[in-house]
Amino acid sequence: CRRFRVMICVECGEPVNDTYRILEGGVIRVTRCESCKQVADRYVEHEFVIIFLDLVLHKHQAYRHILFNRLDYQETFISPRILQLAFFVVLLDAYNKTQMRHMGGWGELASVTHWQGYTPTLESWKEFGLLLIYSLVQLTLYVCALVWAARLYFRSKYSFVKYNYLVMAIILSNFGRGFLMLLMIWDYDDPYTFGAIVELFIFSSNIVAIQVWMDQSTWVSVVITCVGWAARFLFTLLVQYVFAFTPTMGLLSPVRNSTTLVDLPVM
Numbered sequence: 024c025r026r027f028r029v030m031i032c033v034e035c036g037e038p039v040n041d042t043y044r045i046l047e048g049g050v051i052r053v054t055r056c057e058s059c060k061q062v063a064d065r066y067v068e069h070e071f072v073i074i075f076l077d078l079v080l081h082k083h084q085a086y087r088h089i090l091f092n093r094l095d096y097q098e099t100f101i102s103p104r105i106l107q108l109a110f111f112v113v114l115l116d117a118y119n120k121t122q123m124r125h126m127g128g129w130g131e132l133a134s135v136t137h138w139q140g141y142t143p144t145l146e147s148w149k150e151f152g153l154l155l156i157y158s159l160v161q162l163t164l165y166v167c168a169l170v171w172a173a174r175l176y177f178r179s180k181y182s183f184v185k186y187n188y189l190v191m192a193i194i195l196s197n198f199g200r201g202f203l204m205l206l207m208i209w210d211y212d213d214p215y216t217f218g219a220i221v222e223l224f225i226f227s228s229n230i231v232a233i234q235v236w237m238d239q240s241t242w243v244s245v246v247i248t249c250v251g252w253a254a255r256f257l258f259t260l261l262v263q264y265v266f267a268f269t270p271t272m273g274l275l276s277p278v279r280n281s282t283t284l285v286d287l288p289v290m
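FYI, the numbering for the sequence shown is 24 to 290, going by the working numbering.
As structure tokens, then:
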């Protein structure tokens, strides 16, 4: 049977029966939370762009809205929409790994004349496939480390915890990796600095998402997030120094070899 879906107030986190009701004539009436007396979910009246901006601003209400009120309830599995986001994150992270290894970063994409009609070599696609596996394992290890740390914290507090929502919160907070696509549009003098800023933004977003899920102090979320990033960093060192694997081809390697940065438009 289908389990009854419990929504929450995005302001205080208390459960509510619904976030709005449709009255006669199609009039929508938002629900007020009985605990905090505020509108249970103000985002039901907003466009998604407003929700996205609040995610960028690290507002807890936006995370609560998406995780508990917007997505379909999941008993044990991960929402298909979150899995789609995870695929996007892995794909973009893998491409970022191969492109950022070369001089000029993603800047060559800004000049259409340099790559129009170009097809990457078979060796480049093979390496990109390895990078996809690399990024997927890295994300999986990161999520597992966070879940493990959360289990250590909660094992003496609660007998039942929905860790699948922790996984969804972590993947959702990685939406900031999409900002790397800006490097496809504009040419940056120092793409590595921009990439580092994006990583810092994702780190802070992870803290907010974990705090929303845990409903605990900020420091607890910071410690758990650091455990995950430490595991991610150690895995990176293992791949680069133990297995001696670093991207060497790049999907645009021949394009880079035949062009110079002087020809690239500066924006």
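Each residue gets a CB set at the ideal place from its N, CA and C atoms; glycine is no exception.
One thing to note: Ala-109 has its Cβ within 9 Å of the Cβ of Ile-194.
Within its own chain, the residues whose Cβ lies closer than 6 Å to the Cβ of Ala-85, once the five positions on either side in sequence are excluded, are Ile-74, Asp-77, Leu-78, listed in chain order. Per DSSP, the continuous beta strand (DSSP E) segment holding Ile-45 begins and ends at 43-45. Following the DSSP letters along the chain, one finds Val-53 inside the beta strand (DSSP E) bounded by residues 51-53. Taking 9 Å as the cut-off, the beta carbon of Arg-87 is found no closer than this to the beta carbon of Val-243. For Thr-121, the closest C-alpha among the options Thr-241, Ala-192, Ile-156 is that of Ile-156. Residues of the same chain with a CB within less than 8 Å of the CB of Ile-51, apart from the 5 flanking positions on each side, are Tyr-43, Arg-44, Ile-45, Val-67, Glu-68 in chain order.
Straight across, the Cα-Cα distance linking Val-170 with Val-250 is about 10 Å.
Fewer than three pairs of CB atoms, one per stretch, sit closer than 8 Å, so the stretch 185-200 makes no contact with the stretch 212-219. The beta carbon of Ile-105 sits closer than 6 Å to those of Met-191, Ile-194, all from its chain and outside the five residues before and after it, given in chain order. In the DSSP secondary-structure assignment, Pro-38 is bridged to Ile-31.
Around Trp-252, the same chain offers Phe-226 as residues with beta carbons nearer than 7 Å, after the five sequence neighbours per side are excluded. Val-184 has no beta-bridge partner at all, per DSSP.
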